[in-house]
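What follows is a set of notes on a single structure, which appears directly below.
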Amino acid sequence: MLEVRDLHVSYGSIAAVKGLSLTVSPGEVVALVGANGAGKSSTLAAIAGVVAPASGSVELDGVALGGRTPEWIARQGISLVPEGRDVFASLTVAENLHLGTIARADRDSAAEATDRLLARFPVLDRYRDTPAGKLSGGEQQQLAIARALLSAPGILLLDEPSLGLAPKMVDLVFEVVAELREEGVGVLLVEQNALRAVAVADRSYVLRRGELVLAGTREELSQDGQLADLYLS
Amino acid sequence: MENLQYVIDALSLGSLYALFALGVAVVFSIMRLINFAHGELLMVGGFSLLFLSGLPVALRIGLSAVIVVVAALVMERIAFRPVRGARDETLLVTSFAVSYLLQSLAIVIVGSSPRSVGILPQLSKQVHLGTLSVPLLDLVSIAVTAVCLVGLTLFLTRTSLGIQMRAAAENFRMARCLGVPANRVIALAFGISGLLAFVGSLLLTSRTGLVSTGMGTGPVFAAFVATILGGMGSMVGAVLGGYILGSLTVAFQAFLPLEVRSYRDAMVFGVLVLVLVFRPDGIIQPASQKQRV
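Protein chains in written order, with this note's numbering: chain F, 24 to 256; chain L, 1119 to 1411.
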């Protein structure tokens, strides 16, 4: 289980996250929603080790992740799909997928796992020798998700996966999120498309200017008129 | 036939510049560090070849290569790892400091006078191609550089470590998030840079027959210019920049009227400035997202 306690993230004098606590269990989809600048991506960056928290703790199955490098955290089973996807544009699809296997504990099964993912995302199989920079936005998002899944993560951090995608592709992304829940992967989903994210998530946290303002299950939040008010304000 | 001679001269000089530039570019592409101390790795290579001159040639070359690679790794571990992630200015000043420190240390140990060194004297022979007489060293320089470039290309495209290096060069932060170990990739970049510095040093020393504490200063300047011309961060660009720099130098040397030939270098750099006016990011702009370590 991923457990974040009293997390504070600052950039110089600017506090991006102020005392956030949350948990993500295996097979659970947790949404983190809020407007621009709410601190969602900073939270993911702190969990992934990309930025150092000012204070607070992040633990995975009781192991402290604070102060560890991104590569160490990746090898513990936390995989990040960043906003903007960050596929390696000059590398081929196959090379990008290979990089996904680096953090995998069981390297022997990497080829088999790659074949499974290529069956799940057939467009990637078609373009395996194509530089990733030549793919469309939706194809790149599929590549970024497939690459992250190849590390066989226990927790997947998804940052704005629907941003800039066609509606059909957004549907596909949310379908994949739902499938991951069935496979026992914990998903921490950051989305500006709050209503869509809350609908797919088991629990959701609403952030505003770095602070937690609302939390609850899908049912609780859907009955609470505050969500739209908070998100739009 | 005379034109073929110029082509061979350009390729030979361009090969040297390409090796120097590639050594600088390999490190820059990942760390965003312009390592001016790369020139001192050439110096270490030159003096290793000098001090090991009693050994059989193959052993002498092999041991010298190992010494330069180890020097590059030690340089990374002691001087650059502590400032990893610092501002560009800090990295630049550190590389200057390391460069001056190593040069000064070398002057204390071996003195500032150039020393003569003989390596593979048979390379000074002339090879006859029809009516053309070409120094064997020129052909060897071209061939050795080609082998290095092909080898590095195969390494970068066919091996897992090579793919990890290319990924790190494009987006270091994302590569780390996928589990690519920063220390290993950066050490590898310095190791490759050291090996390229040694090959450059071997060819340079074979050409001049001299080693000195300042022997790396000119090459590292050429490397710097070539990497800027080719496009900072692009390894292909660095090689291309090296060959363009070599070709321009040979072309101006050959075709400028005698009375203005002493301005050759000024004209070479004038052309480069013109190129940069139209392509400020260099000839090849890498796809990298330019996130420093």
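Where a beta carbon is used, it is the ideal one built from N, C-alpha and C, also for glycine.
Keep in mind the model is a prediction, meaning the values are calculated, not measured.
Straight-line CA distance for serine 1419 of chain L to alanine 128 of chain F?
Outside the displayed span of chain L (1119 to 1411) sits residue 1419 of chain L, for which this structure offers no information.
From valine 1125 of chain L to serine 1251 of chain L, what distance separates their C-alpha atoms?
13 Å
How is threonine 29 of chain F classed by DSSP in three states: helix, strand or coil?
Just to set this straight, residue 29 of chain F is aspartate in the shown sequence, not threonine. Correct three-state label for aspartate 29 of chain F: strand.
Residue of F:Ala54, F:Ile96 and F:Arg91 minimising C-alpha distance to glutamate 183 of chain F:
F:Ala54
Under 8 Å by beta carbon: chain F residues contacting methionine 1292 of chain L:
Pro105, Asp109 and Phe111
Is it right to say glutamate 1158 of chain L is buried, meaning 16 or more other beta carbons lie within 10 angstroms of its own, or is it exposed?
Counting the other Cβ atoms within 10 Å of the Cβ of glutamate 1158 of chain L gives 16 or more, which makes it buried.
Mind pulling the chain F residues with CB within less than 7 Å of proline 1299 of chain L?
By Cβ distance, chain F contributes Glu94.
Where does the unbroken alpha helix (DSSP H) through isoleucine 1227 of chain L begin, and where does it stop?
1206-1228
Indicate the three-state DSSP secondary structure (helix, strand or coil) for alanine 1372 of chain L in the structure shown.
Under the three-state reduction of DSSP, alanine 1372 of chain L is assigned to helix.
Closer than 9 Å to chain F by CB, leucine 1296 of chain L
At a cut-off of 9 Å between C-beta atoms, leucine 1296 of chain L counts as an interface residue with respect to chain F.
Indicate whether the contact test is met: 3 or more Cβ pairs, each with one atom in the segment 1217-1235 of chain L and one in the segment 1340-1347 of chain L, closer than 8 Å.
no
Range covered by the alpha helix (DSSP H) that runs through arginine 1291 of chain L
1290-1295
Looking at C-alpha atoms only, which residue of L:Ala1264, L:Arg1276 and L:Leu1321 is the closest neighbour of glutamate 118 of chain F?
L:Arg1276
Based on the DSSP output, what are the partners of leucine 1158 of chain L in its beta bridges?
Sequence check: residue 1158 of chain L is glutamate here, not leucine. Paired residues: none, contrary to the question.
Nonlocal neighbours in the same chain, by C-beta distance under 6 Å from leucine 1270 of chain L, ignoring five residues either side:
none
Given 8 Å, three or more beta-carbon pairs between the segment 81-91 of chain F and the segment 1255-1275 of chain L:
no
Using a 10 Å radius around the Cβ and a threshold of 16 neighbouring Cβ atoms, would you call isoleucine 1402 of chain L buried or exposed?
buried
Name, going along the chain, the residues of the segment 68-87 of chain F whose beta-carbon falls closer than 9 Å to a beta-carbon of chain L.
Ala71, Gly72 and Val73
DSSP on serine 48 of chain F, reduced to helix/strand/coil?
coil
In chain F, which residues lie less than 9 Å from asparagine 1121 of chain L when you measure between Cβ atoms?
Here the premise fails: no neighbours, minimum Cβ distance about 36 Å.
Go through its chain and collect everything with a Cβ distance to valine 1411 of chain L's Cβ below 8 Å, but skip five positions before and after it.
Confidence at valine 1411 of chain L is low in this model, with a pLDDT of 42, below 50, so the placement of that residue should be treated as unreliable; the coordinate-derived value is given next. Once the five neighbours on either side are set aside, the close Cβ partners of valine 1411 of chain L are Ile1148, Met1149, Arg1150, Arg1202, Gly1203, Phe1290, Ala1300 and Ile1304.
Cα-Cα separation between leucine 1140 of chain L and valine 47 of chain F, rounded to whole angstroms:
Put simply, the backbone Cα of leucine 1140 of chain L is about 46 Å away from that of valine 47 of chain F.
Reduced DSSP secondary structure (H/G/I, E/B, other) of valine 1329 of chain L
strand
Taking Cβ positions only, does histidine 31 of chain F come closer than 9 Å to chain L?
no
Would arginine 1294 of chain L and alanine 1287 of chain L qualify as a contact pair, given that the criterion is a beta-carbon distance under 9 Å?
no
Best match in F:Leu120, F:Phe144 and F:Val40 for proximity to glycine 161 of chain F [C-alpha to C-alpha]:
For the residues F:Leu120, F:Phe144 and F:Val40, the minimum Cα distance to glycine 161 of chain F belongs to F:Phe144.
Test item: CB-CB of phenylalanine 1138 of chain L and glycine 1318 of chain L under 9 Å:
It is a contact, given that the beta carbons lie within the stated cut-off.
Which residues in chain L sit within 7 Å of isoleucine 178 of chain F, going by Cβ to Cβ distance?
Going along chain L, no residue has its Cβ under 7 Å from isoleucine 178 of chain F, so there is no contact; the nearest lies around 13 Å.
Residue closest to glutamine 215 of chain F, alpha-carbon to alpha-carbon, out of F:Val208, F:Leu188 and F:Ile37
Its Cα nearest to that of glutamine 215 of chain F, the residue F:Leu188 stands out among F:Val208, F:Leu188 and F:Ile37.
If we cut at 9 Å on Cβ distances, does proline 1239 of chain L have a partner in chain F?
With 9 Å as the cut-off, proline 1239 of chain L does not count as an interface residue toward chain F.
To the nearest angstrom, how far is the alpha carbon of valine 1357 of chain L from that of aspartate 148 of chain F?
33 Å
Going by C-alpha to C-alpha distance, which of F:Leu172, F:Glu26, F:Ala217 and F:Val56 sits closest to glycine 1297 of chain L?
F:Leu172
Any idea if histidine 121 of chain F is buried or exposed, counting beta-carbon neighbours within 10 angstroms, 16 or more meaning buried?
buried
Can you name the residues of chain F whose CB is closer than 8 Å to the CB of isoleucine 1281 of chain L?
Leu114, Glu118, His121 and Leu122
Could you tell me if threonine 137 of chain F is buried or exposed, where buried requires 16 or more neighbouring beta carbons within 10 angstroms of its beta carbon?
buried
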